[in-house]
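Residue numbers for the sequence shown follow full-length UniProt numbering, so the first one is 1 and each next one is one higher. Yeah, the Cβ is synthetic: ideal placement off N, Cα and C, and Gly gets one too. If you're wondering where the values come from, they're calculated on a predicted model, not measured in any experiment. As structure tokens, the structure follows; a few thoughts come after it.
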Amino acid sequence: MAVVQVNVLGAFQVVRGTQSLVPSAPKLRQVLALLAMNANTVVSTDQIIEELWEERPPSSATTTLQTYVYHLRKLYQLGLGTRGPADHFDAAPPTLHRSSNGYILSLDDGAVDSAEFLRLAERARTQLDAGSVEIAADTIRAALQLWRGPALVDVTTGSLLRAMTVWLEEQRRGLTLQRIDADLRLCRHHDIIGELTGMVAQRPTDESLQARLMLSLYRAGRRFDALRVYQKARSTLAEELGLEPMQELQRVHQAVLLADPTIEPPVLGDGMDSVIGGGTRPATAEQPDLLPPDVGELVGRRAETAQITQVVSRPERSAPPAVVVVGAPGVGKSTLCVHLAHRLREDYPDGRLYARLTDDTGRPVDPAEALGGFLRAAGYTGSRLPESLAERSSLFRSWSAGRRVLVVLDDVVGAEQLQHLLPTGPRCATLIAARRRFSHPSVSSTVNLRPFDRGEALHMLTSVLGEQRIRPQLAAVHELIDLCEGLPAALREAVTQLELKPHWPVQRQVERVQSAVAEQHPGDSGPGTSRSVRLTYRLLTTDLQAAFKTLVGSERALALSDVATLLEADEYRTETVVEELVEFGLVEVAAGDRGDFHYRVQRPFRRFFPGPRTTVEPPVGGAVATAVLATG
Numbered sequence: 001m002a003v004v005q006v007n008v009l010g011a012f013q014v015v016r017g018t019q020s021l022v023p024s025a026p027k028l029r030q031v032l033a034l035l036a037m038n039a040n041t042v043v044s045t046d047q048i049i050e051e052l053w054e055e056r057p058p059s060s061a062t063t064t065l066q067t068y069v070y071h072l073r074k075l076y077q078l079g080l081g082t083r084g085p086a087d088h089f090d091a092a093p094p095t096l097h098r099s100s101n102g103y104i105l106s107l108d109d110g111a112v113d114s115a116e117f118l119r120l121a122e123r124a125r126t127q128l129d130a131g132s133v134e135i136a137a138d139t140i141r142a143a144l145q146l147w148r149g150p151a152l153v154d155v156t157t158g159s160l161l162r163a164m165t166v167w168l169e170e171q172r173r174g175l176t177l178q179r180i181d182a183d184l185r186l187c188r189h190h191d192i193i194g195e196l197t198g199m200v201a202q203r204p205t206d207e208s209l210q211a212r213l214m215l216s217l218y219r220a221g222r223r224f225d226a227l228r229v230y231q232k233a234r235s236t237l238a239e240e241l242g243l244e245p246m247q248e249l250q251r252v253h254q255a256v257l258l259a260d261p262t263i264e265p266p267v268l269g270d271g272m273d274s275v276i277g278g279g280t281r282p283a284t285a286e287q288p289d290l291l292p293p294d295v296g297e298l299v300g301r302r303a304e305t306a307q308i309t310q311v312v313s314r315p316e317r318s319a320p321p322a323v324v325v326v327g328a329p330g331v332g333k334s335t336l337c338v339h340l341a342h343r344l345r346e347d348y349p350d351g352r353l354y355a356r357l358t359d360d361t362g363r364p365v366d367p368a369e370a371l372g373g374f375l376r377a378a379g380y381t382g383s384r385l386p387e388s389l390a391e392r393s394s395l396f397r398s399w400s401a402g403r404r405v406l407v408v409l410d411d412v413v414g415a416e417q418l419q420h421l422l423p424t425g426p427r428c429a430t431l432i433a434a435r436r437r438f439s440h441p442s443v444s445s446t447v448n449l450r451p452f453d454r455g456e457a458l459h460m461l462t463s464v465l466g467e468q469r470i471r472p473q474l475a476a477v478h479e480l481i482d483l484c485e486g487l488p489a490a491l492r493e494a495v496t497q498l499e500l501k502p503h504w505p506v507q508r509q510v511e512r513v514q515s516a517v518a519e520q521h522p523g524d525s526g527p528g529t530s531r532s533v534r535l536t537y538r539l540l541t542t543d544l545q546a547a548f549k550t551l552v553g554s555e556r557a558l559a560l561s562d563v564a565t566l567l568e569a570d571e572y573r574t575e576t577v578v579e580e581l582v583e584f585g586l587v588e589v590a591a592g593d594r595g596d597f598h599y600r601v602q603r604p605f606r607r608f609f610p611g612p613r614t615t616v617e618p619p620v621g622g623a624v625a626t627a628v629l630a631t632g
């Protein structure tokens, strides 16, 4: 069976054997282009629909898409099945098959010219890093020769394809500059003056091109012409943009004026990078790193660490893994994700990105704002940073497609926040610290983080306070651990007080915690349990907040019927409400003796509301329960 070749670097071409078969219908061309540019990777149904209709899809969008896929299969004789491991060694029939949440167009390596371009670009960078400048220059030329014009010049593009083509053009420009830099290092300055002159004429405000043209002219003995290039560039920038030249161009100008020996051809390879930035990515774009500081030693969490590491380190994968960590407020979800991100940094050399998706008031962060942070770290600033969410999302997907990037999303509230923030490259991964349990088709694994057991909690206290202080007071230490119910944030609040007051016995802190729980004082402010519970509480609806206040008032676990009585609601409605509190981690659930469930609020959470103590009596002999609820 003939192999399919798809070319997108110019006019759209699809060739099967010796036959050219480009779909005539615009939407078919659009779908095929999107699948081909993401070949061997899942493209979700939502992404294809967004590409075709952007923010106004018809009600029949899914059915219409299925029709398009049918026509593509028929036109190109695309199989339905997946390809096995052996298919990577011999040319295999292309397939277009359905995944759980989208479609995968499986093609041989090199079957899409944009993928071949990126592969050659990566090889050239490796060769440059190894010092093989001449070989790298030839590799770059081979990559650039794949271009026949602007990418997908004859295809109607939506937000996703538009961002991908813009990104490819940026890669082309960057690779062109790397080839010019390689030629300069190889003393080929005479050969590239004409090319650079033409490029500068087309882009008169591109200072990177101006700087390289000045160097080429200077090295060719044309110092006056090099200085004239600077004067013309300065005038153009002032007239058109009202700007002075940036430092890169000013450094070259200064070096030419002073006849700086570092820009002479004999020491070209050693000194050029100090004058010209070299390449197109800003320094931060090589390895953007937005991770918060690591906690250092992580107490416990061995099983969870092993589980997450196994998922994100799986070598054979067609889609980027995403792991969600859930658990009660203050259990250490964010700490675990950030710690693992630091630990895995060598596996993701192209960047580590971090975004917090809930602000201090409990409001969800606009995904466009989070994407703006990601893209700025990747080097997209000023006019290169799109304004709309759709364009930022598409650009981020394109940027991450060929990279190994680790994304940490913190304080995530629901699945809808993930839509625009997940990377697309199969070698990427995402760690998600969630404030509630949820389901999402891109999530590979969910880790339920539980409080410390007594041994882990004791290790944490000992590591801070020292064994000499802990050992003589073990009974009080164990009581403190029980009062905190193993919650790391609650333990941290308690141990901080003891650390700041070395003259206090542990029993003094035990009494303070007991008082805080019994009297429901809000406790110390700061980044501990109180803050975490308050932040989660602000995310609740009015009904959920009322239910939580009710459950806070009971020191015992309540059966569903007890809670229904207190809420003055039927059991069906009560179960819906209380189970949602379980999803948020504010209420823990345990199986009862009769196969039913009992619900309770953990001790550290009971000091959440100031005011008089709440008491709740269980129903006796069918009588209606009474409750004295906290006010406010």
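Please report how far the alpha carbon of residue i lies from the alpha carbon of residue j, in whole angstroms.
i, j, result
"His-97", "Leu-78", "9 Å"
"Pro-527", "His-598", "Note that Pro-527 scores 42 on pLDDT, short of 50, meaning its location in the model is unreliable; the coordinates nonetheless yield the value given after this. So the two alpha carbons sit approximately 30 Å from each other."
"Val-31", "Tyr-68", "8 Å"
"Leu-567", "Leu-544", "11 Å"
"Ser-561", "Leu-465", "45 Å"
"Gly-84", "Val-601", "Here Gly-84 scores only 44 on pLDDT, less than 50, and its place in the model is too uncertain to base an answer on."
"Arg-384", "Ile-180", "23 Å"
"Thr-576", "Glu-583", "11 Å"
"Glu-297", "Gly-362", "29 Å"
"Asn-448", "Val-326", "5 Å"
"Pro-292", "Tyr-354", "8 Å"
Would you kindly report the start and end of the unbroken alpha helix (DSSP H) that includes residue i?
i, result
"Ser-445", "First-last for Ser-445: 445–448, but that is the beta strand (DSSP E), not the alpha helix (DSSP H)."
"Phe-374", "367–377"
"Phe-548", "542–552"
"Leu-168", "159–185"
"Ile-192", "189–202"
"Ser-334", "333–343"
For the beta strand (DSSP E) containing residue i, name the first residue and the last one.
i, result
"Ala-328", "No beta strand (DSSP E) holds Ala-328; DSSP gives it neither H nor E."
"Arg-125", "No beta strand (DSSP E) holds Arg-125; the alpha helix (DSSP H) holding it covers 113–129."
"Phe-597", "597–600"
"Arg-356", "352–356"
"Ala-434", "429–434"
"Thr-262", "Run containing Thr-262: none; DSSP gives neither H nor E here."
Measuring CA to CA, which of the options is closest to residue i?
i, options, result
"Arg-234", "Arg-219, His-253, Gly-221, Ala-220", "His-253"
"Glu-304", "Leu-65, Ser-24, Phe-452, Leu-184", "Phe-452"
"Leu-581", "Asp-562, Asp-596, Val-533", "Val-533"
"Ala-121", "Arg-427, Ser-106, Leu-160, Leu-144", "Leu-144"
"residue 635", "Glu-575, Ser-114, Thr-550, Gly-486", "Any answer about residue 635 is impossible in this case: the structure gives the chain only from 1 up to 632."
"Ala-33", "Leu-551, Thr-542, Val-153, Gln-250", "Val-153"
"Ala-457", "Glu-485, Phe-438, Ala-475, Arg-469", "Glu-485"
"Leu-75", "Leu-241, Ala-559, Ser-24, Arg-538", "Ser-24"
"Gln-468", "Pro-502, Asp-482, Leu-290", "Pro-502"
"Thr-358", "Trp-399, Ile-432, Gly-351, Ala-341", "Ile-432"
"Ile-192", "Leu-217, Leu-418, Val-365, Phe-374", "Leu-217"
"Val-408", "Thr-165, Leu-290, Arg-454, Asp-347", "Leu-290"
"Pro-604", "Val-589, Glu-555, Ala-564, Glu-571", "Glu-555"
"Arg-302", "Arg-450, Arg-56, Glu-579, Arg-404", "Arg-450"
"Leu-241", "Arg-251, Glu-264, Glu-116, Asp-206", "Asp-206"
Count the other C-beta atoms from every protein chain shown that fall within 10 angstroms of the C-beta of residue i, then say buried if there are 16 or more, exposed otherwise.
i, result
"Arg-594", "exposed"
"Arg-162", "buried"
"Val-6", "buried"
"Cys-187", "exposed"
"His-339", "buried"
"Arg-471", "exposed"
"Ala-518", "Because Ala-518 carries a pLDDT of 44, less than 50, the predicted location of this residue cannot be relied on, and the following value inherits that uncertainty. Exposed."
"Trp-167", "buried"
"Trp-147", "buried"
"Arg-392", "buried"
"Trp-399", "buried"
"Arg-259", "The sequence given here has Ala at residue 259, not Arg. The residue in question, Ala-259, is exposed, as its Cβ has fewer than 16 Cβ neighbours within 10 Å."
Can you tell me whether residue i is helix, strand or coil according to DSSP?
i, result
"Gln-77", "coil"
"Tyr-218", "helix"
"Val-15", "strand"
"Phe-396", "helix"
"Ala-143", "helix"
"Pro-26", "helix"
"Thr-64", "helix"
"Thr-536", "helix"
Can you determine whether any heavy atom of the ligand SAH sits closer than 8 Å to the C-beta of residue i, and answer yes or no?
i, result
"Asp-596", "The ligand content of the structure shown is nil, which means the ligand SAH is not present either."
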